[in-house]
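In what follows, a single structure is set out as structure tokens and then discussed.
There are 2 protein chains.
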Amino acid sequence: MTEARPLRRDARDNIAKLQAAALEVFLAKGLDASLDEIARTAGVSIGTLYNRFGSREGLIDAVVPEVAGSKLLVFGAGVLAKDTPRERLEEFVTGMIELQGEDPALNDAILRRYPDAVALLGICDRSIALGRDLVRDAHADGSLSPDFTEHDLFCMLWLAGIANRDPHAPANWQRVITRALDQAWTATT
Amino acid sequence: MTEARPLRRDARDNIAKLQAAALEVFLAKGLDASLDEIARTAGVSIGTLYNRFGSREGLIDAVVPEVAGSKLLVFGAGVLAKDTPRERLEEFVTGMIELQGEDPALNDAILRRYPDAVALLGICDRSIALGRDLVRDAHADGSLSPDFTEHDLFCMLWLAGIANRDPHAPANWQRVITRALDQAWTATT
DNA sequence: TCTCATCTTGAGGGTGTTCTCAAGTTAGGT
DNA sequence: ACCTAACTTGAGAACACCCTCAAGATGAGA
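Protein chains in written order, with the numbering used here: chain A, 2 to 190; chain B, 2 to 190.
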């Protein structure tokens, strides 16, 4: 147990400024945004950033999990509100792709590009677990073909993730992925 | 018309060494491999590389189109040997994904990562044109759903391309893409 | 063998990033 | 008002890449 002395006020202010700046920049440019830019946006030197957060992962974990977590929580509730296993899984896939497209930071989180940002990974895992459950339900229900595995679902989200990161992505690439999901339902209309 | 003096022998030798090295390195690591490494592999200085080829694109165009072209030619013949439009298109998609997976240089070419490598782009365009024709045939034939466009085909190859470039790609991501194609056939078994 | 146009060389300048640390500044207790 | 531990700072080292150019080496014709 380290005896926790209170921080000096300038230190606390700088932490707050850095967190706000990091959030802004990470959301705009993804988790590999330049730390220099974050420090500049915060109006603080790069040294201070390292003093306070130690590493990029430290900064990520201090800032992203809360925001990403609440987004995913709301999203998860929306998904579960759907009526059938099939609708839930469809909503999960299309919704995740959309979320990832809107939020480069969340996108990078799902791609696990910073495995040392432990807190963030935990948040993502919860969402992945939801997806896994939905696949199971849809299997149990008989609506999803057994040869569509949870790993396939993960591949879809991963594909969407790397697609989002490419600045030269062609229009409507999402259709390839949603089509793949469409293929996986068992007969019926 | 520039009067073409013959090159000195050392110059010609160095060009040959650089081409061999470039081919080897590009095939192994893709078109964004370090030019320094290519020069080192050739046993020649980086300055000579620039003297002879002017730029990365110049080197690419001097070396990749021939190899990629003959691969794609053989591949195209194999595709056309299939019996039905559907089989041809299926072969085209799975085969291209496989080729791209085996050959990072070809993969980068299809992603058009070096738009100034004009000769290489020309080669790729021929293959893309083949794909486009196959989509048309399959449409005409009635086996491919009209809402699967040639752009969708291009998106598939592009997705495969960026997937190949990710060293952390999950296993069997190809299934997502082939499933998407499966979805696009009109009824029947 | 001698000459010189042609060719090669690699250190060095430019870019963009991460991370450090010696020196300077300041909050806040006395 | 003064002191000092806590804090901030930013130049700079390290890395990895691109591309250039003045100086030196050499093939080949005379």
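The C-beta atom is built at its ideal place from N, Cα and C for all residues, glycine as well.
Selection from N173/B, A40/B and P66/B that minimises the alpha carbon distance to D126/B: P66/B
Residue environment, P116/B, which counts as buried when at least 16 other CB atoms sit within 10 Å: exposed
Short CB-CB distance (under 8 Å) between C125/A and chain B: no
CB contact flag (E92/B, V80/B, <8 Å): yes
DSSP three-state assignment for W186/A, whether helix, strand or coil: strand
Through-space distance from A170/B to T95/A, alpha-carbon basis: 21 Å
Any chain B beta carbon closer than 8 Å to F93/A: no
Beta-carbon proximity check, R180/A vs A185/B, cutoff 8 Å: yes
Complete runs of the beta strand (DSSP E) confined to the segment 79 to 137 of chain A [at least 3 residues]: none
Three-state class that DSSP yields for L60/A in the structure shown: helix
Those residues which DSSP pairs with L145/B across a bridge: W186/B
Boundaries of the alpha helix (DSSP H) in which N173/A is found, first to last residue: Unbroken run through N173/A: none, as it is neither H nor E.
CB contact check: Q184/B to chain A, cutoff 8 Å: yes
Segment contact, 8 Å Cβ cut-off, at least three pairs: the segment 135 to 149 of chain A with the segment 9 to 16 of chain B: no
Close beta carbons around A110/A, own chain, < 8 Å, minus the five adjacent residues each side: L32, V65, A69, A118, L121, L122, I124 and C125
F155/A: contacting residues in chain B (beta-carbon distance under 7 Å): P171
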